[in-house]
Amino acid sequence: MHKVRTWFAEADRRARRRLVLGGLAALVVVTAGWTLWSAARDLSSAQNNATILRAQLVRGDAAGAQRSLADLQDDARGARERTRSGIWRLLSAIPALGDDLRATRDGAAVLDDIAERGLPPLVDAASVVSADTFRPRDGRMPLAAAESLAAPVERSRREFTAAARRLDALDLGGTIGPLRGRLEAFRSQVDEAVATLDATSRAARLLPSMLGGEGPRTYLLVLQNNAEQRSGGGLPGALTLVRTNDGRLRIDGQGDTADLGRGDVGIRLNRAERVLFGDVLADVSVNANLTPDVPRAAQILRARWESLDRPRLDGMVFVDPVAVSYLLEGTGPVAVPGYAPVSADTLVASVENTIYRTTQDRAAQSAYQQAVAAAVFDAFTGGQGDTATVLSGLVRGVAEGRVRLHSFIDRDQRLLAGTRVAGELGRADASPRLGVYVNDAGPSKLSYYLDYQGQVLARSCTAGRQRITSTVDFTADTPADIAALPPSITGAGLPDQRAPVAGDQVVVLYVAAPSGGDFTRVQLDGQRLTPQVVELEGRPFLRLGLSFEPRQRHRLRFEVLSGQGQTGPVRLEVTPPAAEGDAGDVSVSAC
């Protein structure tokens, strides 16, 4: 009987022990599940708040950005605390979970540091920009406000740069696919932010001197007409000479690029330039930006300008009508003396299409475009509308490759070098750049009806070289009444017209692989091509001709290898179209 009682007692103890252990296990599972769910919730909320914050910064909503930053900081702090907890460390020791949980912990720590130290200076700078103190008045930019941006933007740049290095050091090899994808996307976003902040920091240091803070400066503003495409962003048309001094900006004359004429002005082309673009690159003023290299185009235009005893230039600004329309989203409609007002919705059509339908007189076309340029300049320098929205429009124009700047002052150009606004062709860095540059091969204005969009994808990485595929789809969105449109649009009967039928388009593409890279396959509409490859500024280039009947489509597809060590995100640059938006694309790195 005693043995029976002993057996029951032992069984009862075992049952209680199993119950306790089972309860503890259940508690661990529940706690672990709650911790994982809470961390995931915090990270997801942080991601949403970061997206909202970015949009608020872009549109200049400083008050909203402050609120979103506070929410983001709470979420990032919560995620960091949860991923440093004892239960998280315990779970990280489990082989099946360890790599994922440690990567999540490290990513959460980087996000928290960005939220606490990287973003606040940027949000504070946005408050300065959105404040009325940054508004131009009577043609004068507030130099002190501009100078105040340099320090906070530079602090943000340093913090984001440190975050990028930490993310680059993460070992994602053992993480599951979805988590790896999210962390790689986070890393790409931080890399993009570093590039943007680097450019912004340089601009903040450059702006005071450009505005005449260190003495008078003279710039040539070149309006590039997307209705007749060139590699650099449209036919160089209306010219506006701008003087700056102690923050004050004024127009000191206008003209047209065609007035700079033709002929030899001492520019010597190298072999690659002659093969790709021909002598017209240097000899015909409106062809100076057949090359996508902005410094070279600026050098050619300056030589033509100064050969006519025009004022010495300190720099050159290239801008297209679409970028100007972005500015008008902030200024509101602008009155143009002698003409109808223009707005963000009407400006592009007015200067790229309607004026050519209205008159065949080139002088009248040029006069109208100069009048619009002067009116928008006056509205901008007069502080019309919402300053933050105007500046966000300018930033958008730069991001889409529609605003380019070159300085002939070495110190200033060194600050510009390496940024997207500089438009350098041969710049080599860790991020591979591909290019598809679009040129109207005749005298028409039919590029206004040419739609195109590019895509790029990094497919693999071997020994520090990425294998990249890019596709660009083109459509001639020509109107049904094309035959009734005047020669100023169709180019019919004009010299150098290559299209056999009025309304057809002939386009020349210059396609560029990354510095040190190679083309491995080129296809047009599914047919493989073997075009001649020419190296320009260290980049392999090829030239292709396309013809379009109305409504016709073409697809260009090409594959390249990046240069050695180019393991960063991949960017496809495409000549900006007449329609708003960026025709290029970005891919995360395959390395």
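Here the sequence shown stands for residues 11 to 601, numbered as in this note's numbering. Don't be surprised by glycine CBs; every beta carbon is placed ideally from N, CA and C.
(request) Assign Q434 to buried or exposed, taking buried as 16 or more other Cβ atoms, counted over all protein chains shown, within 10 Å of its Cβ. (result) The sequence as given places Glu at residue 434; Gln does not occur at that position. Result: buried.
(request) Sort R147, D396, M326, E157 by Cα distance to L338 and report the nearest one. (result) When each option's Cα is compared against that of L338, the closest is D396.
(request) Tell me whether Q239 is buried or exposed, calling it buried when 16 or more other Cβ atoms sit within 10 Å of its Cβ. (result) Flag for Q239 reads buried.
(message) Just to confirm, is the Cβ distance from G464 to V518 under 8 Å?
(response) Contact flag unset, no.
(request) Please go through the same chain and pick out, in chain order, the residues whose beta-carbon is closer than 6 Å to the beta-carbon of A35, but skip the five residues on each side of it. (result) For A35, the predicted structure reports a pLDDT of 41, less than 50, and the residue's modelled location is therefore unreliable. The matter cannot be settled from this model.
(message) Let me confirm a value: P550 is counted as buried when at least 16 other C-beta atoms fall within 10 Å, else exposed. Which label applies?
(response) The residue is buried, with at least 16 neighbouring Cβ atoms inside 10 Å.
(message) Going by C-alpha to C-alpha distance, which of A512, P510, P442 sits closest to I478?
(response) With distances taken between Cα atoms, I478 lies closest to P442.
(request) Under 7 Å Cβ to Cβ from Q85, same chain only, skipping five residues before and after it: list those, please. (result) Sequence check: residue 85 is Asp here, not Gln. Excluding the 5 residues flanking it on each side, D85 has same chain C-beta neighbours closer than 7 Å at D52, S55, A56, N59, in chain order.
(message) For D535, count the other beta carbons within 10 Å of its own beta carbon; 16 or more makes it buried, fewer makes it exposed. Which is it?
(response) When all chains shown are included, D535 counts as exposed.
(message) Which of the three DSSP states is assigned to V344 in this structure?
(response) In the three-state DSSP reduction, V344 falls in the strand class (E or B).
(request) Could you work out which residue in R508, Q394, A155, Q423 is closest to N449 when comparing CA atoms only? (result) Nearest C-alpha to N449: R508.
(message) Considering only DSSP beta bridges, list what Y336 is partnered with.
(response) The partner list for Y336 (beta bridge, DSSP) is empty, contrary to what the question assumes.
(request) State the Cα-Cα distance for the pair L111 and F558, rounded to the nearest angstrom. (result) Cα-Cα distance, rounded: 54 Å.
(request) Rounded to whole angstroms, what's the CA-CA distance from R64 to D528? Just pull it up for me. (result) Going by C-alpha positions, R64 is about 36 Å away from D528.
(message) For E583 and G445, which I take to be in contact (beta-carbon distance under 8 Å), what is that distance rounded to the nearest angstrom?
(response) Indeed, because the Cβ distance is near 5 Å, the residues count as touching under 8 Å.
(message) Could you compute how far the alpha carbon of S610 sits from the alpha carbon of D303?
(response) Past the boundaries of the shown model lies residue 610; the chain is included only from 11 to 601, so the question cannot be answered.
(request) Starting from R99, trace the beta strand (DSSP E) both ways and give me its first and last residue. (result) DSSP places R99 outside any beta strand (DSSP E); the residue lies instead in the alpha helix (DSSP H), whose first and last residues are 96–102.
(message) Going residue by residue through the region 138–224, where are the continuous alpha helix (DSSP H) segments of at least 4 residues, counting only ones entirely within it?
(response) The qualifying runs are 153–158, 160–178, 187–220.
(request) Report all residues from its chain with a CB closer than 6 Å to the CB of G411; omit the five preceding and five following residues, and keep chain order. (result) Only P586 meet the Cβ criterion.
(message) Since S454 and N236 should fall inside the 8 Å C-beta cutoff, what is the C-beta to C-beta distance between them, to a whole number of angstroms?
(response) Not really, about 13 Å apart at Cβ, beyond 8 Å.
(request) Report back the beta-carbon spacing between S376 and N299 to the nearest angstrom; my notes put them in contact at under 8 Å. (result) In fact, because the Cβ distance is near 18 Å, the residues do not count as touching under 8 Å.
(request) Could you tell me if V516 is buried or exposed, where buried requires 16 or more neighbouring beta carbons within 10 angstroms of its beta carbon? (result) Taking all protein chains shown into account, V516 has 16 or more neighbouring C-beta atoms within 10 Å of its C-beta and is therefore buried.
(request) Compute the distance between the beta-carbons of Y459 and A486, then report whether it is under 8 Å. (result) Taking 8 Å as the Cβ cut-off, Y459 and A486 qualify as a contacting pair.
(request) Would you list the one or two residues that DSSP bridges to C601? (result) In DSSP, C601 forms no bridge with anything.
(request) From the DSSP output, read off the bridge partner residues of R531. (result) Looking at the DSSP assignment, R531 forms a beta bridge with E569.
(message) Given this structure, state the Cα-to-Cα distance separating A67 from E169, to the nearest angstrom.
(response) The residue asked about is misnamed: residue 67 is Leu in this sequence, not Ala. If you take the alpha carbons of L67 and E169, they lie about 18 Å apart.
(message) Buried or exposed for P246, going by 16 or more other Cβ atoms inside 10 Å?
(response) Around the C-beta of P246, 16 or more other C-beta atoms lie within 10 Å, and the residue is accordingly described as buried.
(request) Following the continuous beta strand (DSSP E) through Y378, name the residue where it begins and the one where it ends. (result) Segment 372–391 is the alpha helix (DSSP H) holding Y378; no beta strand (DSSP E) there.
(message) By DSSP's criteria, Q76 is part of a beta bridge. Which residues make up the other side?
(response) In the DSSP assignment, Q76 is bridged to no other residue.
(request) Check whether the Cβ atoms of V361 and V346 lie closer than 8 Å to each other. (result) Their beta carbons are not under 8 Å apart, which means V361 does not touch V346 by this criterion.
(request) State the Cα-Cα distance for the pair G393 and A308, rounded to the nearest angstrom. (result) Distance between the alpha carbons of G393 and A308: 29 Å.
(request) Count the other C-beta atoms from every protein chain shown that fall within 10 angstroms of the C-beta of P321, then say buried if there are 16 or more, exposed otherwise. (result) Classification of P321: exposed, given that the 10 Å Cβ count is below 16.
(message) If the criterion is Cβ atoms closer than 8 Å, does the pair V408 and R430 meet it?
(response) Contact: yes.
(request) Taking G407 as part of the alpha helix (DSSP H), name the residues at either end of that continuous run. (result) Bounds of the alpha helix (DSSP H) holding G407 are 397–409.
(message) For the region 141–151 against the region 89–104, do three or more pairs of beta-carbon atoms, one drawn from each stretch, fall closer than 8 Å, so that the two count as touching?
(response) Touching, no, given that fewer than three Cβ pairs across the two stretches are closer than 8 Å.
(message) Please state whether the Cβ-Cβ distance between Y366 and S198 is less than 8 Å.
(response) At a Cβ-Cβ threshold of 8 Å, Y366 and S198 do not count as neighbours.
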